[in-house]
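The next block holds one structure in the form of structure tokens; read it before the comments.
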Amino acid sequence: NPGFGGQSFIPATLDKCREARKLIKESGRNIRLEIDGGVKVDNIREIAEAGADTFVAGSAIFGAAKKTDANHYNTVVKAMRDELAKAKI
């Protein structure tokens with residue numbers, strides 16, 4: 205519910221995501237479920253397993269390791285994709 209960049213992930217969102225995914229499935233419609241807020245490498249798999257299939261991770265990607273990794277965008281996106289590949293969905 206908060207609306208600012210760099211916020212922490214709100215764990216109760218996982219229950220909301222599961223419920224929304226259940227309703228989407230019951231509707232029989234092809235509807236994307238997006239999560240925006242606190243999505244990071246260390247929680248993206250859990251978010252996907254809760255039912256999300258679209259992720260907004262602006263601060264995680266654009267604020268990550270800029271000074272220590274010249275390819276930080278690619279590094280973070282690859283790490284997120286690697287985590288998503290492990291998701292049990």
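For the sequence shown, counting from 1, position 12 maps to 216 in the working numbering; every step adds exactly one.
The C-beta atom is built at its ideal place from N, Cα and C for all residues, glycine as well.
Contact defined as beta carbons within less than 8 Å: I believe residue i pairs with residue j. What is the distance between those atoms, to the nearest angstrom?
i	j	result
G267	G232	Rounded, the Cβ-Cβ distance is 39 Å, inconsistent with contact.
E238	A256	7 Å
Can you tell me which of the three DSSP states residue i falls into?
i	result
I228	helix
Taking only the alpha-carbon atoms, compute the straight-line gap between residue i and residue j and give it to the nearest angstrom.
i	j	result
V243	E230	26 Å
A224	A291	18 Å
E287	K226	23 Å
N234	I228	8 Å
D219	I265	25 Å
A252	R236	12 Å
Determine the burial state of residue i: buried for a count of at least 16 other Cβ atoms within 10 Å of its Cβ, exposed for fewer.
i	result
N275	exposed
K258	Here the sequence assigns Thr to residue 258, which means Lys is not the residue at that position. When all chains shown are included, T258 counts as exposed.
T272	exposed
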